[in-house]
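Student: Quick one: this structure, given as structure tokens, is what I'll be asking you about.
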Amino acid sequence: MFEEIEYRVYREELELEGIGRYTAFGVAGFRAGDRREPVCHVGDISTERSVAERLAELCNRNILSPSHLLDAAQDFLDSDEF
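Reading the sequence shown from the start, the letters are residues 0 to 81 in numbering that gives the first Met the number 0.
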């Protein structure tokens, strides 16, 4: 049975030694209709919300399986998609 996943952007506050505090955006996948508990997520994709939004859009359009989110994020960041 196919489980529909909705990918959305989330914001996180992080701190990195030598850089300090910064705001980053990640992508999380939720079961359709459930906005409480993500089934998968990849954080710290970019400090620009629009980059994470583009990845979430591609994941939703291509009906990405949650098990492939990390690979998709890595491929996305290695590409010229954003």
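All C-beta atoms in this analysis are idealised placements derived from N, C-alpha and C, irrespective of residue type, glycine included.
May I ask you to report which of helix, strand or coil DSSP gives Ser45?
Tutor: Strand, per DSSP.
Student: For my contact list, Glu80 and Arg53 are in at a C-beta cut-off of 8 Å; report their separation, rounded to the angstrom.
Tutor: With 8 Å as the limit, Glu80 and Arg53 qualify as a contact, their Cβ atoms being about 7 Å apart.
Student: Per DSSP, what are the beta-bridge partners of Gly19 in this structure?
Tutor: According to DSSP, which records beta bridges pairwise, Gly19 is partnered with Leu15.
Student: Exposed or buried, what is Tyr6 when buried is set at 16 or more other beta-carbons lying within 10 Å of its beta-carbon?
Tutor: By the 10 Å Cβ count, Tyr6 comes out buried.
Student: Looking at C-alpha atoms only, which residue of Gly32, Ile4 and Glu47 is the closest neighbour of Glu11?
Tutor: Closest by alpha carbon: Glu47.
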